[in-house]
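Residue numbers (the UniProt record's numbering): 1 to 243.
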Amino acid sequence: MSYEYFPNFYDALMDEELYDNWFSFATPYLPGKHGKVLDVACGTAELAVRLAKRGFEVTGVDLSEEMLSVASEKAFHEEVSLLLLQQDMSEMEKLDTFDLVTCFCDSLNYLETEEAVHGTLRSVYENLKTDGIFLFDVHSIYKMDELFKDYSYGDSDEEISCIWNSFEGEFPHSVEHELTFFKQGPDGSYDRYDELHKERTYPIEWYKKAIQAAGFRKIKICADFTDFEPTETSERIFFICEK
């Protein structure tokens with residue numbers, strides 16, 4: 001999915017603590033000094049910058065040119081070196097041989113078809129070294145079907161306001177998010193921007209079989225930024241996949 005307006009508001013709306021949580025979750029799997037890390041669907045590079053500051057050689061890929069533009073500016077201001085590439089993660093090229101690949105923030109849920117998920121898993125596998133680790137997370141079926149049902153959220157400050165409404169999508173365990181932004185201009189008036197985002201998830205066993213089909217030899221599954229196995233009410237499912 002290519003974002004038109006969202007990148008301009010993304011960092012203001014996202015909870016920075018979430019990125020601290022993703023970084024903390026990834027920490028036990030980080031490679032040795034000067035290791036190579038690929039951040040798939042890197043967005044505005046919040047995680048990639050954290051990784052680069054730890055001394056890793058970081059490559060970020062994202063489908064959105066707008067996201068990558070914001071990421072490039074952030075890397076410049078944070079004085080870190082990032083290789084940023086526009087790539088479709090379901091058809092990602094062989095970029096390098098990485099020690100670790102990450103794909104957080106439920107990015108796989110934005111893929112519209114099963115084949116796109118399979119393609120992503122195959123592409124990541126080809127970019128990992130032997131014994132390399134792939135970390136990713138997805139929304140649970142519980143979150144998609146129950147928590148996002150008729151979900152409505154609003155937030156505002158002096159410059160940006162957001163209204164977020166979610167509705168049942170066209171596929172099983174899918175959702176459509178209607179986002180409306182209001183951004184204050186220099187004259188004090190507000191401009192309105194609208195976007196539609198679609199997400200889709202699958203049962204844990206489906207992901208497990210897809211990971212195995214891609215060639216990964218070891219899989220660990222946990223939930224909600226912990227080492228504990230998922231429960232019926234877990235919201236975010238994490239997969240640790242070893243090549």
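Note that the Cβ used here is the ideal one computed from N, Cα and C, for glycine as well.
Exclusion of the five residues before and after Arg54 leaves no residue of its chain whose Cβ lies closer than 6 Å to its Cβ. Comparing alpha carbon positions, the residue from Phe136, Glu229, Phe76 closest to Trp22 is Phe136. Sequence-distant Cβ neighbours of Lys183 in its own chain, meaning closer than 6 Å and more than five residues away, are Ile160, Asp191. For the 8 Å CB-CB criterion, Val61 and Leu85 form a contact. It is roughly 43 Å from the alpha-carbon of Val101 to the alpha-carbon of Ser189. The three-state reading of DSSP puts His173 in coil, since its state is none of H, G, I, E or B. Taking a 10 Å sphere around the C-beta of Gly43, we find 16 or more other C-beta atoms and assign the residue as buried. The continuous stretches of beta strand (DSSP E) do not include Arg122, which lies in the alpha helix (DSSP H) extending over residues 114-127. From the listed residues Asp194, Glu199, Asn165, the smallest Cα separation to Pro172 is found for Glu199. Rounded to whole angstroms, the separation of the alpha carbons of Thr120 and Lys209 is 14 Å. Within its own chain, the residues whose Cβ lies closer than 7 Å to the Cβ of Leu108, once the five positions on either side in sequence are excluded, are Val117, Thr120, Phe136, Val138, listed in chain order. Distance from Glu158 to Phe167 at the Cβ level is roughly 30 Å; contact not present, criterion being Cβ atoms closer than 8 Å.
Around the beta carbon of Ala223, a 10 Å sphere encloses 16 or more other beta carbons of the protein chains shown; the residue is thus reported as buried. Counting only runs that start and end inside the region 39-71, the alpha helix (DSSP H) elements of at least 4 residues fall at 46-53. Beta bridge pairing from DSSP links Thr180 with Ile163, Asp194.
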